[in-house]
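For the sequence shown, position 139 (counting from the first letter as 1) is numbered 796 according to the working numbering, and the numbering increases by one without interruption.
Glycine included, each C-beta is placed from N, C-alpha and C at the ideal position.
None of these values were measured; they are calculated from a predicted model.
Worksheet: the structure to be examined is printed underneath.
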Amino acid sequence: MLVSAAHSKGRAVQRKPAELIGPEQYMQLLQALLDAARGLDPAPQCVVGMKRSGLFPAVFLSHQLELPMLVQSELKGLKRGKFDCVLLVDTTAWKGNSLRKAALKLERAGCARIHTLVMYARRDPPPSAPGLHFLCQADSIPRFWYE
């Protein structure tokens, strides 16, 4: 097994290699995201995709759920009160910083409920993001075949 070393305060820290997610597994994860999104209560009124890795899942969910989709960069100009419940989507949540920033913009636009749905969340320590739902936990950020 390959192990990479990172240095923290002069010590080598052993980490597992990042899992590689291939196209077939990615499609299964998209279907699992869809199943999870369909079970959310209350149901979201729109899907917001985080830039880069969250855009394809957001487009997929938007089409399948027949909901409008926004890109994270559009949140600053979002009309106040347009949506009460939003689904925020990304492939991974590691620390949760980007998700929290997007959620804050949604809250400022009057969104009362934010569901955050990701494929992978960091195992330890877990990320902090509002309404976080995840499919899997990981010890290292997974790599996707398209990277």
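Pick from Q729, D692, K739 and R709: whose alpha carbon is nearest that of L722?
Looking up residue 722 in the sequence shown gives position 65. Checking every option, the nearest Cα to that of L722 belongs to D692.
What does a CB cutoff of less than 6 Å around G767 pick up in its chain, not counting 5 residues either side in sequence?
Within the sequence shown, the letter at position 110 stands for residue 767. If we look at G767 and ignore the five residues flanking it on each side, its Cβ neighbours are R737 and G738.
Identify the continuous alpha helix (DSSP H) that holds L724 and give its terminal residues.
Taking the first residue of the sequence shown as 1, we reach residue 724 at position 67. Here L724 belongs to no alpha helix (DSSP H), and DSSP marks it neither H nor E.
How would you call D747, buried or exposed, if buried means at least 16 neighbouring beta carbons within 10 angstroms?
For the purposes of this step, residue 747 is taken as the residue at position 90 of the sequence shown. So D747 counts as buried.
Cut-off 7 Å between Cβ atoms - residues of its own chain near A675, not counting five sequence neighbours on either side:
Here residue 675 refers to the residue found at position 18 when the sequence shown is read from its first residue. Taken in chain order, the residues that qualify are S797, I798, P799 and R800.
Output the distance between the C-alpha atoms of I678 and E804, rounded to the nearest integer angstrom.
In the sequence shown, residue 678 corresponds to position 21, counting from 1. In the sequence shown, residue 804 corresponds to position 147, counting from 1. Taking the straight line from one Cα to the other gives about 10 Å.
Quick one: what's got a C-beta closer than 8 Å to L735's C-beta in the same chain, skipping five residues either side?
Along the sequence shown, one-based indexing puts residue 735 at 78. If we look at L735 and ignore the five residues flanking it on each side, its Cβ neighbours are L727, K762, L763 and A766.
Could you give the residue range of the alpha helix (DSSP H) that holds V692?
For this step, residue 692 is matched to residue 35 along the sequence shown. The question names Val, but residue 692 in the sequence shown is Asp. Run containing D692: P680 to R695, per the alpha helix (DSSP H) assignment.
Buried or exposed: where does A769 fall if 16 or more other Cβ atoms within 10 Å of its Cβ makes it buried?
On the sequence shown, position 112 is the one that residue 769 refers to. Its Cβ having fewer than 16 others within 10 Å, A769 is exposed.
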